Amino acid sequence: MIIRSKKASDISSSEITPPEIYLGRRRFIRDAGLGLATLALSGTTSTNEVAGQSQEIPPRFRNLKSELGEDLNSYRDITTYNNFYEFGTDKRDPSRNSSEFEPQPWTVSIEGHVNKPGNYELDDILAPVTMEDRIYRLRCVEAWSMVIPWHGFPLADLIKRVEPTSNAKFVRFETVHRPEQMPYQKTGVLPWPYVEGLRIDEAMHPLTTLVTGVYGTELPNQNGAPLRLIVPWKYGFKGIKSIVKIEFVEEMPTNTWKMANSFEYGFYSNVNPEVSHPRWSQARERRLPSLFKSHETLMFNGYGEEVSQLYAGMDLHRWK
Amino acid sequence: MAMAKRFLNFTQGWTFTAGSNPHSNLGSNTMIQKHRILVCKMLIWVAALSPGAWLVAGLFLNWLGANPVETLTHITGMTTLVLLLVTLSVTPLRRITGWNVAIRLRRPLGLFAFFYALIHFNIWFVFDQVFNWRWMVEDIIERPYITVGFSAFVTLIPLALTSTKGWMRRLGIRWTKIHRGIYLATTLGVIHYYWLVKADVRLPLLLAFCLSVLLIYRIPGWLEKRRRTIARSHGSDVS
Numbered sequence: 117m118i119i120r121s122k123k124a125s126d127i128s129s130s131e132i133t134p135p136e137i138y139l140g141r142r143r144f145i146r147d148a149g150l151g152l153a154t155l156a157l158s159g160t161t162s163t164n165e166v167a168g169q170s171q172e173i174p175p176r177f178r179n180l181k182s183e184l185g186e187d188l189n190s191y192r193d194i195t196t197y198n199n200f201y202e203f204g205t206d207k208r209d210p211s212r213n214s215s216e217f218e219p220q221p222w223t224v225s226i227e228g229h230v231n232k233p234g235n236y237e238l239d240d241i242l243a244p245v246t247m248e249d250r251i252y253r254l255r256c257v258e259a260w261s262m263v264i265p266w267h268g269f270p271l272a273d274l275i276k277r278v279e280p281t282s283n284a285k286f287v288r289f290e291t292v293h294r295p296e297q298m299p300y301q302k303t304g305v306l307p308w309p310y311v312e313g314l315r316i317d318e319a320m321h322p323l324t325t326l327v328t329g330v331y332g333t334e335l336p337n338q339n340g341a342p343l344r345l346i347v348p349w350k351y352g353f354k355g356i357k358s359i360v361k362i363e364f365v366e367e368m369p370t371n372t373w374k375m376a377n378s379f380e381y382g383f384y385s386n387v388n389p390e391v392s393h394p395r396w397s398q399a400r401e402r403r404l405p406s407l408f409k410s411h412e413t414l415m416f417n418g419y420g421e422e423v424s425q426l427y428a429g430m431d432l433h434r435w436k
Numbered sequence: 124m125a126m127a128k129r130f131l132n133f134t135q136g137w138t139f140t141a142g143s144n145p146h147s148n149l150g151s152n153t154m155i156q157k158h159r160i161l162v163c164k165m166l167i168w169v170a171a172l173s174p175g176a177w178l179v180a181g182l183f184l185n186w187l188g189a190n191p192v193e194t195l196t197h198i199t200g201m202t203t204l205v206l207l208l209v210t211l212s213v214t215p216l217r218r219i220t221g222w223n224v225a226i227r228l229r230r231p232l233g234l235f236a237f238f239y240a241l242i243h244f245n246i247w248f249v250f251d252q253v254f255n256w257r258w259m260v261e262d263i264i265e266r267p268y269i270t271v272g273f274s275a276f277v278t279l280i281p282l283a284l285t286s287t288k289g290w291m292r293r294l295g296i297r298w299t300k301i302h303r304g305i306y307l308a309t310t311l312g313v314i315h316y317y318w319l320v321k322a323d324v325r326l327p328l329l330l331a332f333c334l335s336v337l338l339i340y341r342i343p344g345w346l347e348k349r350r351r352t353i354a355r356s357h358g359s360d361v362s
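Line order of the protein sequences matches chains A and B. Everything in the first sequence is counted per the working numbering, starting at 117 for the first residue and increasing by one. Everything in the second sequence is counted per the working numbering, starting at 124 for the first residue and increasing by one.
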């Protein structure tokens, strides 16, 4: 635990200031290895920190910034503005309609070309991993973005444990199908269950994260409890929520949005300011809570240094 | 020409001189009629201004959510479309109920629709395009849903500008023709809404259904008018 207070009376500024500030941002980024504002934290944190779900940012996150010096979005914004069509198509629907959802107990089925397939209890998946806070920009295909301190672990850690074979070229993820708890799964607005996929090297990339929390606390239902994916250099819809199935496959899986509308959403969906969506220019974004759509969108959402080699030689205008 | 003149007289009758026109209900009913229209107009003002009031209050009291601009855009757009559909309901309402004076509700409804369209456009121009004309033109050209939405807005401008009694008088029969633009504007507006929705098209389809009913209702009337015009022109050929 990096952030530790001895007594309430003797907290010094160096201890409540996040390391990337007092170490010097650049040095910290280099040391962290990935250009991430990554704080290694031990296991669980008291959920009381954001109990009451106030707009107040919990103390250890106060003044924390992204590696580009960006402010974090509030817990309230992160948990009340969600695209999670299983609970409704309005951004507020998920926070309103997800209280019946039961994220515990949870089992993830791991299938396909792996040496250790099976049904894994979430607790067993989490037992050996080191949880980290990872501050990432979330860039939605709808041209808004947030900066979010996720709590999770690299997907690669799990993949290595289940030992994929050489036939595992892609990873296919599936969201739980529970129409009785997810009201919009009774409608046909999208084909259910929600499916997403990654190429195996994308899945193994250290930035690709399985998330179980936000602001150091349990992931709320509306954000994809109890286990979701975050791929920070891709548009937000790639970050599939409430995952129950991880399948290692040979063929490129068809993701839900591509199924729903193949003209608009491709498999890769890397953040790319030069490739417009038919309905939105992707050159700019609205960095919430700002009112103006004036924030310039960065190639690969600002993670180009880490991920561009994954796409060397690929025509990114074609592979959208 | 005779047809045009007759139509003009008729139009003037039910648009702005209802109280003193033989087409309207006179006598002991006049006061009640006036009272009823006044109440309806007040209701329209309250109903039409309430979404705006809710948004302004929400801006200050911070209940528009994490992305207030999106809420502002959606609600002003939706209000525009609903008001356009309500405006288009006035004629069927008159025909069905025989309450001809209801025509006097049409202008305030139409103007409120334009009022929201204007705000909707400005929110987009200010917050999405950040006053940048080049970005705006690019968006209008490149994105079909914006092309139709912008066209709908532009179509409404002359309608709003010529909504006054003075312009009605000056334009005469042409006023009616110009104001048929509302059919085009509403249709484009509904297409705009349908195209911008990502997956859940139920609400745009509901609006499209309402619009279809309102347009289909008018078809027999249009056909009848056309038939009479043709008959009349044939008649004048013979004579």
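Positions of the beta carbon are idealized from the N, C-alpha and C atoms, including for glycine. On a predicted model such as this, the values are computed, not experimentally measured, just so you know.
Next on the checklist: Do ALA240(B) and PHE273(B) have their beta-carbon atoms positioned less than 7 Å apart in this structure?
Outcome noted: no
Item to check | Positions along the stretch 250-279 of chain A whose CB lies within less than 7 Å of some CB in chain B | outcome: TRP260
Next on the checklist: Which runs of the beta strand (DSSP E) at least 3 residues long sit entirely within the stretch 256-335 of chain A? Give them in chain order.
Outcome noted: 260-270, 286-291, 311-315 and 325-330
Checklist entry - Does any C-beta atom of chain B lie closer than 7 Å to the C-beta of ALA376(A)? => result yes
Checklist entry - Could you give the residue range of the beta strand (DSSP E) that holds THR223(A)? => result 223-228
Next on the checklist: I'd like to confirm the pairing. Which residues does DSSP put opposite PHE364(A) in its beta bridges?
Outcome noted: GLY228(A) and VAL287(A)
Checklist entry - Is LEU345(A) helix, strand or coil by DSSP? => result strand
Item to check | Pair within 7 Å by beta-carbon distance, VAL192(B) and LEU407(A) | outcome: yes
Next on the checklist: Applying the 10 Å Cβ sphere with the 16-neighbour rule, what's the burial state of THR287(B)?
Outcome noted: exposed
Checklist entry - Tell me which same chain residues have a C-beta within less than 7 Å of the C-beta of ASN371(A), skipping the five on either side of it? => result VAL311, GLU312, GLY313 and PHE383
Checklist entry - Any chance the stretch 319-328 of chain A sits against the stretch 299-308 of chain A, with 3 or more Cβ pairs inside 8 Å? => result no
Checklist entry - What's the C-alpha gap between LEU238(A) and TYR197(A)? => result 26 Å
Checklist entry - Are any of the Cβ atoms in chain B nearer than 7 Å to that of ASP193(A)? => result yes
Item to check | Pairwise C-alpha distance: PRO405(A) and VAL313(B) | outcome: 29 Å
Item to check | Beta-carbon separation (whole angstroms), MET415(A) vs PRO307(A), contact threshold 8 Å | outcome: Not confirmed; about 31 Å, so no contact.
Item to check | Selection of the stretch 262-287 of chain B by Cβ proximity to chain A, strictly under 9 Å | outcome: ASP262, GLU265, ARG266, PRO267, TYR268 and ILE269
Checklist entry - With which residues is ASN235(A) paired in a DSSP beta bridge? => result SER225(A)
Checklist entry - DSSP on SER158(A), reduced to helix/strand/coil? => result Caution is warranted here: a pLDDT of 35 is assigned to SER158(A), below 50, making its placement in the model unreliable, and the coordinate value is therefore given only provisionally. Looking at SER158(A) - three-state DSSP - the assignment turns out to be coil, as it is neither helix nor strand.
Next on the checklist: For ASN148(B), would you say it is in contact with chain A, using Cβ-to-Cβ distances shorter than 7 Å as the test?
Outcome noted: Reliability of the predicted coordinates at ASN148(B) is poor, the pLDDT of 48 falling under 50, and the value obtained from them is presented with this limitation in mind. So no, ASN148(B) is outside the interface.
Next on the checklist: Closest to ILE160(B) by C-alpha separation, out of PRO231(B), ILE219(B) and ARG218(B), would be which residue?
Outcome noted: PRO231(B)
Checklist entry - So which residues on chain B does PHE364(A) lean against when the C-beta distance must stay under 7 Å? => result The premise fails here: PHE364(A) is roughly 28 Å from chain B at the closest Cβ pair, so nothing lies under 7 Å.
Checklist entry - If you follow the beta strand (DSSP E) that PHE293(B) is part of, which residue opens it and which one closes it? => result Residue identity differs from the one stated: residue 293(B) is Arg in this sequence, not Phe. Taken as a continuous stretch (DSSP letters only), ARG293(B) belongs to no beta strand (DSSP E), being part of the alpha helix (DSSP H) at 288-294.
Item to check | Three-state secondary structure assigned by DSSP to ARG116(A) | outcome: In this structure chain A extends from 117 to 436, so residue 116(A) is not present and cannot be described.
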